[in-house]
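Sequential numbering from 131 applies to the sequence shown in this note's numbering. Glycine included, every Cβ here is placed at the ideal spot set by N, Cα and C.
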Amino acid sequence: MRYVLKSNFIIGLFSLIFLAACAPTTRPVAPSAETGAVNPVEAVNHLESEIAAARQDQLNVLSPNEFAKAEAFYRQAKKDLEKEGEIADILKDVTAARTHLKNAAKNAKVARTIFPEVIESRKIARAAGATKLGKKYTRVEEEFLDLTRAIEKNNIHYAQRNSAKVNEDYRALELRAIKTETIGEVRTLIDQAEKAGAKKSAPRSLAFAKKQLEETDAFITANPYAKVEMNQKADEALFMARRLLTITDQSKKLQYMKPEETALWMENILFEITQQTSARDMREQSFNTQVDNILESIKSLQEDNRFMAGKLKSQRSEIETLNQKMAAKEKILTVQAAEKQFNQRFNEVQNYFEANEAEVYKQGNQLVIRLRIIQFPIGQAIILPKNYPLLSKVQQAIRTFGEPSVVIEGHTDSTGTTQVNQHLSEQRAEAVREYLIANQTLPAYKIVAAGYGSERPLASNATPEGRAINRRIDVIISPEAKPRR
Numbered sequence: 131m132r133y134v135l136k137s138n139f140i141i142g143l144f145s146l147i148f149l150a151a152c153a154p155t156t157r158p159v160a161p162s163a164e165t166g167a168v169n170p171v172e173a174v175n176h177l178e179s180e181i182a183a184a185r186q187d188q189l190n191v192l193s194p195n196e197f198a199k200a201e202a203f204y205r206q207a208k209k210d211l212e213k214e215g216e217i218a219d220i221l222k223d224v225t226a227a228r229t230h231l232k233n234a235a236k237n238a239k240v241a242r243t244i245f246p247e248v249i250e251s252r253k254i255a256r257a258a259g260a261t262k263l264g265k266k267y268t269r270v271e272e273e274f275l276d277l278t279r280a281i282e283k284n285n286i287h288y289a290q291r292n293s294a295k296v297n298e299d300y301r302a303l304e305l306r307a308i309k310t311e312t313i314g315e316v317r318t319l320i321d322q323a324e325k326a327g328a329k330k331s332a333p334r335s336l337a338f339a340k341k342q343l344e345e346t347d348a349f350i351t352a353n354p355y356a357k358v359e360m361n362q363k364a365d366e367a368l369f370m371a372r373r374l375l376t377i378t379d380q381s382k383k384l385q386y387m388k389p390e391e392t393a394l395w396m397e398n399i400l401f402e403i404t405q406q407t408s409a410r411d412m413r414e415q416s417f418n419t420q421v422d423n424i425l426e427s428i429k430s431l432q433e434d435n436r437f438m439a440g441k442l443k444s445q446r447s448e449i450e451t452l453n454q455k456m457a458a459k460e461k462i463l464t465v466q467a468a469e470k471q472f473n474q475r476f477n478e479v480q481n482y483f484e485a486n487e488a489e490v491y492k493q494g495n496q497l498v499i500r501l502r503i504i505q506f507p508i509g510q511a512i513i514l515p516k517n518y519p520l521l522s523k524v525q526q527a528i529r530t531f532g533e534p535s536v537v538i539e540g541h542t543d544s545t546g547t548t549q550v551n552q553h554l555s556e557q558r559a560e561a562v563r564e565y566l567i568a569n570q571t572l573p574a575y576k577i578v579a580a581g582y583g584s585e586r587p588l589a590s591n592a593t594p595e596g597r598a599i600n601r602r603i604d605v606i607i608s609p610e611a612k613p614r615r
């Protein structure tokens, strides 16, 4: 009995030491001159980027209470700034927000240490489409938030005791999502193809799509923990089902075309591509030769693009070096001069966009581009080719400011569940971020993506017009603190 009591005492003592080490600090952190906190406008703008980055790093779920407090202080600071309130009050709120963000980061670190497998299972389940499972997903998400709230309250024992169950629940959601959402969609697409006449018009493609579906379903059942292979097979099955619909549709059209009409149709497709790539007109040659001609032209264009990108990068480096040398010799621009420069660039960027494409406006010393016509497939986060011209203008607008900091915000209407909207807005914002990075607009660390779901509506969700306004991507550009000429 004495041995048991002694053991319990030692265990309790170690638990208290661990809890004390993990306890979040609440001591306010003074504004740092490094982040420009002496300027309330720059301080609030920088804080906005920090909160967006924290949301991207999942601090809003890994430490929900501390993150919510940080956002509340940020909103108050921004409100006071807009009303030209006391600078001391604004900076005080900024400091308080940063303190709560630091506490949230500490809590998140503890959560990642105690149940990393739960966090990973949640990520994979969401990627598989679990957020669309409604109440089933909401229940498990609340279980997860109970774990992270326990960390905030230093209840480490609760988090450790319940993490295994939450992990298994997310794994079950992942399998259900893959089978219900992805595999279910595959079955729906195959049914649509059969109703459209696939058995007659595209029998080989139909058989292949069905085989892919059966193999995927069997693999998921037999290998519930082969995450990478499972998702890969599900994606392949979905791709083949969509392809089946396309093949069925094209085959039905070709059935009613005469041989010469078919040949001319194919020739016209090749010729249109030839014109776009500035390749030589080779319609007097075989189709295979025409295809080879197009491929070689594309290869040549790609090599030329790589060369020009390298040359442009070199020129930018030289210009930046010259700017740095000039900046070392010149006096710091006055606030009036900086505002004049910003306004000039603002006017320049406004001219990039048509009125129906985007709304461009100033927000303090930030520039906001509210993309009106960017469109995504329903429930998806794929950048469609028709959006490329609009995003090219966004790239041009960003580059007008040199190398600013950029926040990409995703917003949805209130249709569907909160979890689905939140996840979808995150995915769409991240898709735009990846597009800008891939096109060498800015270094990756300069662009942050954050999804807000339906939290920040601009209009009423009661009407189709209002919902269309609320479905948007906002690009927030914060110029460098040091003015450029």
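- As DSSP reads the structure, S608 sits in a beta bridge with S535.
- E585 carries a coil assignment under DSSP once its states are collapsed to helix, strand and coil.
- If you look at L277, you'll find it isn't in any beta strand (DSSP E); it sits in the alpha helix (DSSP H) that goes K265 to E282.
- A direct Cα-to-Cα measurement between P534 and Q474 gives close to 16 Å.
- Beta-bridge annotation (DSSP): I577 is paired with V536.
- One alpha carbon belongs to S427, the other to D411, and they sit about 12 Å apart.
- Proximity to L520 across E487, E212 and K222 peaks at E487, based on C-alpha coordinates.
- In its chain, beyond the 5 residues on either side, L319 have a beta carbon closer than 7 Å to the beta carbon of R372.
- Below 8 Å, enough C-beta pairs join the segment 212-224 and the segment 169-188 to call them touching: three or more.
- Of the candidates G264, R256, L431 and K239, the residue whose Cα lies closest to the Cα of T278 is K239.
- R602 sits in a strand when the DSSP states are folded into three classes.
- Secondary structure note for Y491: it is in no alpha helix (DSSP H), and the uninterrupted beta strand (DSSP E) holding it is A488 to Q493.
- Taking all protein chains in view, the Cβ of A527 is crowded by 16 or more other Cβ atoms within 10 Å, so the residue is classified as buried.
- In the DSSP assignment, the residues bridged to R500 are E489 and D604.
- The C-beta distance from F472 to N495 rounds to 6 Å, short enough to meet the 8 Å contact threshold.
- Straight-line spacing of the CA atoms in N297 and A235 works out to 22 Å.
- Secondary structure within the segment 292-347: the alpha helix (DSSP H) runs of 4 or more consecutive residues, fully enclosed, are 314-325 and 328-331 (chain order).
- Distance from the CA atom of T378 to the CA atom of K357, rounded to whole angstroms, is 32 Å.
- If the five residues before and after A323 are omitted, its C-beta is found closer than 6 Å to the C-beta atoms of L374, L375 and T378, all from its own chain and listed in chain order.
- Across the structure, I607 and L497 are spaced so that their CA atoms are roughly 5 Å apart.
- Counting the other CB atoms within 10 Å of its CB gives T243 a total below 16, which places it among the exposed residues.
- When rounded, the separation of the alpha-carbon atoms in Y575 and L442 is 20 Å.
- Assignment of beta-bridge partners to H541 by DSSP yields R602.
- DSSP places M387 in the coil class of the three-state scheme, outside both helix and strand.
- Going by DSSP, A356 is part of no alpha helix (DSSP H) at all; its letter is neither H nor E.
- Boundaries of the alpha helix (DSSP H) around R205: P194 to E212.
- Closest by C-alpha distance to L343, out of K388, T407, E315 and E433, is E315.
- In this structure, R601 and A579 do not form a Cβ contact; the two beta carbons are roughly 16 Å apart against a cut-off of 8 Å.
- Around Q290, the same chain offers I244 and F245 as residues with beta carbons nearer than 8 Å, after the five sequence neighbours per side are excluded.
- Counting C-beta pairs closer than 8 Å gives three or more between the segment 245-254 and the segment 263-279, which meets the contact rule.
- Relative to L189, the option among N418, K383, L588 and K232 whose CA is nearest is K232.
- Annotated three-state conformation of P507 is coil, per DSSP.
- DSSP, read as helix, strand or coil, puts Q570 in coil.
- With the rule of 3 Cβ pairs closer than 8 Å, the segment 332-350 does not count as touching the segment 394-403.
- E172: member of the alpha helix (DSSP H) spanning P170 to Q186, first to last residue.
- Assigned with DSSP and collapsed to three states, A409 falls in coil, not helix or strand.
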